[in-house]
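What follows is a single structure, written as structure tokens, with notes after it.
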Amino acid sequence: MSNGDYTVLGDSKNPVHVWWDQSTESVTITCNDPSLTDETGEKLGLRVTFNGNPKSADYNPGNFNRLARYLKAAGKSSPEFVPIKQRHLARRPQVIAELAAEAATPIGKAAKPEAMGWAMCPTCTAIVVDLTKHRSATFC
């Protein structure tokens, strides 16, 4: 844009609007400028949607966070920021798995069997309820 080869979208009559739609978890930008039409010249305006969910076709975490900051600064309802991950469709399953792993509650250290009333067989290391019965039923 440094060469000045750009134009401003929207004006006082046709401003660009940004809002957070909680029902779709999307941030949307619209402009009803009549010079923006579909291929047949009928539907006026422009609508662009960004989503922070990698399962959405509108997934774009960078623009989603950018618009969330914009809404927050304007004192409007806004989403929480999302982690920035790759947008490549081929890597989408990996991104979904990474985000699920990050959101999972970490499991603490395993409880000692004795704390649960269990025992560990010293021969085969099986965790059992009754070590005596285990020994009589196996070769341990």
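Converting from the sequence shown to the working numbering requires adding 98 to each position, the first position being numbered 1.
Glycine included, every Cβ here is placed at the ideal spot set by N, Cα and C.
Query	Result
Contact between the region 171-179 and the region 187-198 (3+ Cβ pairs under 8 Å)	no
Separation of P113 from L197, as counted between CA atoms	36 Å
Where I194 falls: helix, strand or coil (DSSP)	helix
Status (buried if at least 16 other CB within 10 Å, exposed otherwise) for S133	exposed
Proximity to P220 [Cα-Cα], best of F237, A213 and M214	F237
Burial state of P181 (16 or more Cβ within 10 Å)	exposed
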